[in-house]
Structure formats: structure tokens, C-alpha cells
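76 is the number that the UniProt record's numbering gives to position 76 of the sequence shown; each next residue is one higher, with no gaps. Notes follow the structure.
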Amino acid sequence: MDQITPTPDDYWPEDYSNYTDVNIDHSAAPCSQAGAFGFAQKFSPIIYSLVFVLALFGNILVLCVIRRYRSSQSGGACAFSLTDTFLLHLAISDLLLAFTLPLFAMQWAHEWVFGLAVCKISGALFSLNRYSGILFLACISFDRYLAIVHAISSGWKRNTCHAQIACAFIWVICLGLSAVDIIYKQVVPLDSGANKIFVCQVWFTEKSTQWQIGMQLVSVILGFGVPLSIMLYCYIWIFKSLCNATRRQKRKSLRLIVSLVSVFVICWAPYSCFQLTDSLLRLKLLTPSCSLQHILDVGTLVTESVGLSHCALNPLLYGFVGVKFRRELVRMCKGLLIEQGWFGMEKSWRPRQQRRTTGSFSSADMYGINPTREDGPGCGTWGHISQQWQL
Numbered sequence: 001m002d003q004i005t006p007t008p009d010d011y012w013p014e015d016y017s018n019y020t021d022v023n024i025d026h027s028a029a030p031c032s033q034a035g036a037f038g039f040a041q042k043f044s045p046i047i048y049s050l051v052f053v054l055a056l057f058g059n060i061l062v063l064c065v066i067r068r069y070r071s072s073q074s075g076g077a078c079a080f081s082l083t084d085t086f087l088l089h090l091a092i093s094d095l096l097l098a099f100t101l102p103l104f105a106m107q108w109a110h111e112w113v114f115g116l117a118v119c120k121i122s123g124a125l126f127s128l129n130r131y132s133g134i135l136f137l138a139c140i141s142f143d144r145y146l147a148i149v150h151a152i153s154s155g156w157k158r159n160t161c162h163a164q165i166a167c168a169f170i171w172v173i174c175l176g177l178s179a180v181d182i183i184y185k186q187v188v189p190l191d192s193g194a195n196k197i198f199v200c201q202v203w204f205t206e207k208s209t210q211w212q213i214g215m216q217l218v219s220v221i222l223g224f225g226v227p228l229s230i231m232l233y234c235y236i237w238i239f240k241s242l243c244n245a246t247r248r249q250k251r252k253s254l255r256l257i258v259s260l261v262s263v264f265v266i267c268w269a270p271y272s273c274f275q276l277t278d279s280l281l282r283l284k285l286l287t288p289s290c291s292l293q294h295i296l297d298v299g300t301l302v303t304e305s306v307g308l309s310h311c312a313l314n315p316l317l318y319g320f321v322g323v324k325f326r327r328e329l330v331r332m333c334k335g336l337l338i339e340q341g342w343f344g345m346e347k348s349w350r351p352r353q354q355r356r357t358t359g360s361f362s363s364a365d366m367y368g369i370n371p372t373r374e375d376g377p378g379c380g381t382w383g384h385i386s387q388q389w390q391l
């Protein structure tokens, strides 16, 4: 195992809060690590394992339902709806992110035993899929904004082949951001009190302080600020456009929109705040102390775990909330049960011919909209919406 043994001058020994954080270089005397490390050993394995199980189950189910729905459509990839395209890439991103969690759960339960190569690859996968997942959420919001607010004028823009290009562009950008982990991720010794253990974490030297601060600011801006701004703008205009919906439908839409934004803010705002605080500490705009560093270590560990739970919540928020998704899921489950003979029917049973529907799992029905009504005054988009998303 390729290991780096830092000297007291370039190693700030309290940076054990989580595996994606970076080391803080200070010339101050070392602070005790035992308290925060003991918390990490008890907290991280449980949370990471729980998120892994829930994300694995939810996102695999989403992929199965999307695959079944896609196989029933004709016209190739470009006939697949935009939101379903983004939902597919979101599920893949969340699933890949979840696969890295058992490795780091093992790290905190014992120590990193997988070697330097796996450390770099798993760290890069973690960053790649964290950034991409958040950006796909922003794409889903923007697609819903075009579909509902600009339903007539945005038809040429909402081409699924263009969505595939957008997804590829997001993957490339996030791959570039994850290169930092490939370069700087190392297996380093950490003083746990009684003895030293080895952990996989980003390792910056004194000469790369600007990279440290720059990547944290990129994480805050690209991983929280930009997606939140897009979501707020799109969902506010979506709700304003529901002028032809009934009062009950408006309440349902508002609850869903508030839920989507609130869950995103609750999951990632605390972690971004700790990153900003850590950047201020690196810029020496805050006075370093052992107590402050201890709060940052524990707080970053806890808040990042809360953020990671978003990959387990995405299937519930963006998949199961859709009427078509639930309908397709029920059909899939019934088909599997009947094939296994649970209903006392022969395997030769074939479901009755269903009327083909178009649209996506989380399109207009995602907001509790019933777009089959005629256009009303001031709402010239409902007729077009009803042709695309039949509930």
C-alpha cells in the first residue's frame, strides 16, 4: 500500500472528519483527535450502510421500471421523454455513488485496507456522481419549467437527443472535477488516540492551498448554489403557471414543489456552510483553535452524511411521486407475481392490451396536474400539455 507519512509541520491531525474533506495545514500545535475519531467510528459505518441499502433498492427499482417502460415504446432513444432521460441518468449516478459507501464504511469501522488505486478510483467516483446527481436534479427542474411554463414555444428545444447530449456534457464536466481526487487522494496515517490507522482522503500540501480553497468553493457553487437557484426559479414559475388548476391541485402542487426544494436545502445547505467555514479558516479569516477544528470535523462528517442521504431520497421524490411511474411499477409487480403463480394463474397468462400512453414518469402528473381541461383565460398551454402527458 502506497502510504504517505506527514510531518508535524504539514499535517493538521484533526482532519479526520470525512473522507472527502481536505487537510488543513497549520503550524499550530497538534490537537487531540480521539474525540472526533471515536464519533466517526460509531456514526459513519451505520449511516453509510443504511444509505447504501436504501439507495441500492430504490435506484435499482427505478432503473427496472424505466427499462420496462422504455422497452414498450417505439422510436428508439430519441423517442424517450426528456424527464425520463434525466431520471435514468440520475438513478445511475445515485447508484454509482452508493457503491462507494461500503468502502468508506469499512474504513471508519476498521481502516482503509483496499490500497491506493482503489482509494483514488472510489474517491473520484464519489465526487463524479455527487456533482452529476445534483446537476441532473437541476436539469429535471428546467425541463419541467420548459414543459409547463413554455409548453408551446419550447417544443423544438425539448428534444430527447439534445437531452442525451446535455447528460454527456454533465458527465464530462463532473469527470473533470473528479480528477482532483485522482491526483490528490492518498492513504495517510491518522492518529486515533491509542494508535494510528490509515484512511483514504484528499491530501493537499502547503503549496496547493489555493487548490484546496478553490475546489471547496466550486463544490459550494456548482454543487449547491447553482442547482438551488435553478430549482427555485423553475418551480416558482411552474407554480405561477398553474392558473387553470383547481384549488386542491394547486395545494398539491405547492406541497410537492416545497418538498423538492426543502429536501434539497436540508440535505446540502449545512454541508455547504461547513465547507465555507473551512475555507474561511484556510484563508486565515478565522482564528484557528482546537475547539473550532473539532466542531468542523464532526459537523462536516454529520452534514455530508445528511447530504448523501439525498441519493436514497431521489427515487422517492422524483420517481414514485409520478402517477405513470407508480402505474408501471404496479404492472411490473403484478406481472412478476402472476408469472410465479402467486395468483394461481398459469405462466402463459398475458396481460390485456393496454392503451399506449405517452409522456414521462414525472411530467405534469408529478405536480398533481390534470391537464385534460380546456385552456382557460391567461393559460394558453393546457391544450398542448394534454396532448403530451395523459394521466
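C-beta: ideal position from N, C-alpha, C; glycine also. Here the structure is a predicted model, which is why all the values come from computation and not from measurement.
- Per the coordinates, the alpha-carbon of I338 lies some 16 Å from the alpha-carbon of R68.
- Annotated as proximal: V298 and A36, with beta-carbon spacing under 8 Å.
- By the Cβ criterion, the segment 311 to 319 is in contact with the segment 83 to 91, since at least three pairs of Cβ atoms, one from each stretch, lie closer than 8 Å.
- Residue environment for R130: buried (at least 16 other C-beta atoms within 10 angstroms of its C-beta).
- Excluding residues up to 5 positions away in sequence, V65, R68, Y69, F361 lie with their Cβ nearer than 8 Å to the Cβ of E328 in the same chain.
- Counting along the chain, the unbroken alpha helix (DSSP H) around C267 starts and ends at 247 to 282.
- When the five nearest sequence neighbours on each side are left out, the beta carbons in the same chain lying within less than 8 Å of the beta carbon of A98 are those of V51, F52, A55, L56, N59, C311, A312, in order along the chain.
- With fewer than 16 neighbouring CB atoms inside 10 Å of its own CB, F169 falls in the exposed class.
- Looking at the DSSP output, I197 shares a beta bridge with L190.
- Secondary structure note for H110: it is in no alpha helix (DSSP H), with a DSSP letter that is neither H nor E.
- Distances from the alpha-carbon of C243 to those of I148, I47, L228, V302 put I148 closest.
- Per DSSP, C167 is one residue of the alpha helix (DSSP H) stretching across 160 to 184.
- At a Cβ-Cβ threshold of 8 Å, S141 and I230 count as neighbours.
- According to the DSSP assignment, V302 belongs to the alpha helix (DSSP H) that extends over 290 to 308.
- Comparing C-alpha distances from L285 to each of G176, S44, Y48, I213 shows the shortest one belongs to I213.
- A check of alpha carbon separations from W268 across V226, L61, R144 identifies V226 as the nearest.
- Distance from the CA of M106 to the CA of T205, rounded to the nearest whole angstrom, comes to 26 Å.
- Rounded to the nearest whole angstrom, the C-alpha separation of S272 and V62 is 28 Å.
- It is roughly 14 Å from the alpha-carbon of D84 to the alpha-carbon of A166.
- When C-alpha distances from N314 are compared across F43, D94, G38, the shortest belongs to D94.
- In this structure, F136 and F86 form a Cβ contact; the two beta carbons are roughly 5 Å apart against a cut-off of 8 Å.
- A distance below 8 Å separates the beta carbons of V199 and V188.
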